[in-house]
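Peer 1: FYI, full-length UniProt numbering numbers position 178 of the sequence shown as 178, with every residue one higher than the one before it.
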Amino acid sequence: MAKPYDPKDFYYRKAKKQGLRARSAFKIEEILHRHRLLGRGDAVLDLGAAPGGFLQILAEAVGEKGVAVGVDLEPIRNLGKRWVRTAIVDLLAPDALDKIRLLHDGRFRLVTSDMAPKTIGIKVTDEARSLELVRMALSVAEQVLVPGGAFVAKVFMGGDFPALKRELQGRFAAMHVIRPEAVRESSYEVYVLGTGFRGRAAAVAPAAVKAEAPRAPAPPEQAAAPEEATAPATRAARQKPAPAKKPAAAKRPAARKRAAKKPARRA
């Protein structure tokens, strides 16, 4: 049986004791420990970074030779590290990527998202909204990740979760579902991890092949093209006799002969 919700449980108190801004710091710490996603000098982007729990751990992972970028709708209090850059960014705004690139003009080894919707207690709705946030984060990640990079995002498991897994499997060489120990026992949140980023094209290509598979008669379409190309030549060939129809000119002399015979009759 799940324990009753306690906002100040073990991990909350542990985070406060260690000077961490949120219990979520332990979640990303465990994921980084289990999977080598970052190294010293790497660049990492944290979406929905406020208040900064993930960002604190990520900044330590990349070190002062790396870059840790955090964006959120809410301001993020300064972490006191020069290689950490933050900004208020609405990921739905058309200039979101431009603002992120102002903070770091290169690509990222890892993109993380701890974003969660404001829950209303209706499980189906909460799950659907959570999936929307993950897909939004994935859309950003596709445009800023280095080849071979990784993506981590929190999601409420349920609803269309199998479809999300397929989307990740199409874009990454490997996909994992992780439930860190710091997740509350009563929560149905998990973290999806994609490693070995292959690009958006890798996900689109299989679907395109399946969609075009029924069009196996593509060769006939190619054969039809020559026919269309030769059709004008055929018409042109048929029209060429028009100037050649100068037999009419040949008949004119005959008409002249008739005109010449008339005076003979009068005589």
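Don't be surprised by glycine CBs; every beta carbon is placed ideally from N, CA and C.
If we call anything under 8 Å between Cβ atoms a contact, is K81 one with V89?
Peer 2: Against the sequence shown, residue 81 aligns to sequence position 81. Against the sequence shown, residue 89 aligns to sequence position 89. In this structure, V89 does not lie closer than 8 Å to K81 by Cβ.
Peer 1: Considering only the alpha carbon of each residue, which of P147, Q18, V124 lies closest to G159?
Peer 2: Residue mapping note: residue 159 aligns to position 159 of the sequence shown, counting from 1. The shortest C-alpha separation from G159 is found at V124.
Peer 1: Use the C-beta contact count for G148: other C-beta atoms within 10 angstroms, 16 or more gives buried, fewer gives exposed.
Peer 2: Stepping through the sequence shown from its first residue, residue 148 is reached at position 148. By the neighbour-count criterion, in which a residue is buried when 16 or more other Cβ atoms sit within 10 angstroms of its Cβ, G148 is exposed.
Peer 1: By the DSSP assignment, the alpha helix (DSSP H) with G53 in it spans what residues?
Peer 2: Residue mapping note: residue 53 aligns to position 53 of the sequence shown, counting from 1. 53–62 is the span of the alpha helix (DSSP H), which, as asked, contains G53.
Peer 1: Touching or not, the region 64–72 and the region 12–27, by the rule of three or more beta carbon pairs under 8 Å?
Peer 2: no
Peer 1: For R171, which option in V192, V190, R198, V155 has the closest C-alpha, if you only look at C-alpha atoms?
Peer 2: By one-based count along the sequence shown, residue 171 stands at place 171. Selected option, being the one with the closest Cα: R198.
Peer 1: Just to confirm before moving on: does the CB-CB distance between V155 and H104 stay below 8 Å?
Peer 2: Reading the sequence shown from its first residue, position 155 is the one you call residue 155. Reading the sequence shown from its first residue, position 104 is the one you call residue 104. The Cβ atoms of V155 and H104 lie no closer than 8 Å to each other.
Peer 1: Any idea what DSSP makes of L133, helix, strand or coil?
Peer 2: Position 133 of the sequence shown, counting from 1, holds the residue named residue 133. In this structure, L133 counts as helix in the three-state DSSP scheme.
Peer 1: Roughly how far, in whole angstroms, is the beta-carbon of Y191 from the beta-carbon of P180, given that I think they are within contact range, below 8 Å?
Peer 2: For the purposes of this step, residue 191 is taken as residue 191 along the sequence shown, with counting starting at 1. For the purposes of this step, residue 180 is taken as residue 180 along the sequence shown, with counting starting at 1. The pair is a contact, with the Cβ atoms about 7 Å apart (cut-off 8 Å).
Peer 1: Could you name the residues of the same chain whose beta carbon sits closer than 6 Å to that of E127, not counting the 5 residues immediately before and after it, in chain order?
Peer 2: Counting from 1 along the sequence shown, the entry for residue 127 is found at position 127. Hits under 6 Å: F156, G158, G159.
Peer 1: Starting from K154, follow its DSSP beta bridges and name the residues at the other end.
Peer 2: Taking the first residue of the sequence shown as 1, we reach residue 154 at position 154. K154 pairs with Y191.
Peer 1: Using the Cα positions of S130 and I120, report the straight-line distance between them to the nearest angstrom.
Peer 2: On the sequence shown, residue 130 is found 130 positions in, with the first residue counted as 1. On the sequence shown, residue 120 is found 120 positions in, with the first residue counted as 1. Using only the alpha carbons, I get a separation of about 12 Å.
Peer 1: Quick check: the Cα distance between M136 and H176, rounded to an integer number of angstroms?
Peer 2: Residue mapping note: residue 136 aligns to position 136 of the sequence shown, counting from 1. Residue mapping note: residue 176 aligns to position 176 of the sequence shown, counting from 1. Straight-line Cα distance between these residues: approximately 19 Å.
Peer 1: Distance check for L47 and R107, CA to CA, integer angstroms please.
Peer 2: By 1-based counting over the sequence shown, the position of residue 107 is 107. By 1-based counting over the sequence shown, the position of residue 47 is 47. So the two alpha carbons sit approximately 15 Å from each other.
Peer 1: Name the DSSP bridge partner or partners of F108?
Peer 2: Locating residue 108 in the sequence shown gives position 108, where the first residue counts as 1. F108 is bridged to L145.
Peer 1: Using CA coordinates, which residue listed in G53, A25, A61 is at the minimum distance from R36?
Peer 2: What you label residue 36 is simply residue 36 of the sequence shown in a count that begins at 1. A61 is the residue among G53, A25, A61 whose C-alpha sits nearest the C-alpha of R36.
Peer 1: Could you pull the DSSP bridge partners for G70 from this structure?
Peer 2: Position 70 of the sequence shown, counted from the first residue, corresponds to residue 70. BP columns for G70 point to D46, T86.
Peer 1: If we count the other Cβ atoms within 10 Å of its Cβ and call it buried at 16 or more, is Q56 buried or exposed?
Peer 2: Reading the sequence shown from its first residue, position 56 is the one you call residue 56. Label assigned to Q56: buried.
Peer 1: Between R21 and the rest of its own chain, which residues show a CB-CB distance below 7 Å, the 5 nearest in sequence each way excluded?
Peer 2: To locate residue 21, count along the sequence shown from 1; it is residue 21. Result list for R21: P51, G52, G53, Q56, in chain order.
Peer 1: Here's a check: name, in chain order, each residue in its chain whose Cβ is nearer than 6 Å to the Cβ of A224, leaving out the five neighbours to either side.
Peer 2: Position 224 of the sequence shown, counting from 1, holds the residue named residue 224. Because the pLDDT of A224 is 38, which lies under 50, any placement of that residue in the model is unreliable, and the question is left without a value.
Peer 1: Could you check what DSSP says for A182 in three-state terms: helix, strand or coil?
Peer 2: What you label residue 182 is simply residue 182 of the sequence shown in a count that begins at 1. Here A182 sits in coil by DSSP.
Peer 1: Alpha carbon to alpha carbon, how far is G63 from E142? Give it in angstroms, no decimals.
Peer 2: Residue 142 sits at position 142 when you count from the first residue of the sequence shown. Residue 63 sits at position 63 when you count from the first residue of the sequence shown. Looking at the two C-alpha atoms, the distance is approximately 24 Å.
Peer 1: Can you say whether R77 is buried or exposed, counting buried as having 16 or more other CB atoms within 10 angstroms of its CB?
Peer 2: On the sequence shown, residue 77 is found 77 positions in, with the first residue counted as 1. Here R77 is exposed: its Cβ has fewer than 16 other Cβ atoms, across all protein chains shown, within 10 Å.
Peer 1: Note the first and the last residue of the continuous alpha helix (DSSP H) segment covering A163.
Peer 2: Your numbering for residue 163 matches position 163 in the sequence shown. Looking at the DSSP string, the run of the alpha helix (DSSP H) that includes A163 is 161–171.
Peer 1: If you count every other CB in all the chains shown that lies within 10 Å of the CB of G19, and 16 or more means buried, which is it?
Peer 2: Taking the first residue of the sequence shown as 1, we reach residue 19 at position 19. G19 should be labelled exposed.
Peer 1: Just reading off the alpha helix (DSSP H) that H35 is part of, what are its end residues?
Peer 2: As a first step, residue 35 is located in the sequence shown; it is residue number 35 there, counting from the start. It is not in any alpha helix (DSSP H) - H35 carries neither H nor E in the DSSP assignment.
Peer 1: Taking 8 Å as the threshold (C-beta atoms), are A150 and L97 in contact?
Peer 2: Indexing the sequence shown from 1 puts residue 97 at position 97. Indexing the sequence shown from 1 puts residue 150 at position 150. In this structure, A150 does not lie closer than 8 Å to L97 by Cβ.
Peer 1: Can you look up A174 in the DSSP assignment and give me helix, strand or coil?
Peer 2: Here residue 174 is taken as the residue at index 174 of the sequence shown, counted from 1. Strand.
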